[in-house]
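Working notes for the structure below.
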Amino acid sequence: MADEFSDHAELHDYAESRGLEYVWEGTTAFGKYNAELSPEQFQILAVHTVNGVKMVLLYPKRLRKKSR
55 MADEFSDHAE LHDYAESRGL EYVWEGTTAF GKYNAELSPE QFQILAVHTV NGVKMVLLYP
115 KRLRKKSR
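Under our numbering, the first residue of the sequence shown is numbered 55, with each subsequent residue one higher.
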């Protein structure tokens, strides 16, 4: 399991290879999933971007379909 990502591409590849979706900190979706999912259902990890370190919430794609 990754602790942080060096860039967006590394995050994207990690998520795709594991069937995960991700949302960025500061978005409505981040707050929604953080509030609605149990801690076992998601991870919050750091991503290094050109604007500094940002947090992302990763969760299984199957949960996205159920929460709509």
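Glycine included, C-beta positions come from ideal geometry on N, C-alpha and C.
- Put simply, of Val107, Leu112, Val101 and Ser92 the residue whose alpha carbon is nearest the alpha carbon of Ala63 is Val101.
- The beta carbon of Tyr113 lies closer than 7 Å to those of Leu74, Glu75, Tyr87, Leu91, Gln95 and Phe96 in the same chain, with the five residues before and after it left out.
- A direct Cα-Cα distance of roughly 16 Å separates Asn105 from Leu65.
- With a threshold of 16 other beta carbon atoms within 10 Å, Val107 falls short and is exposed.
- Looking at Thr103, Asp61 and Val77, the one whose alpha-carbon comes closest to that of Leu117 is Val77.
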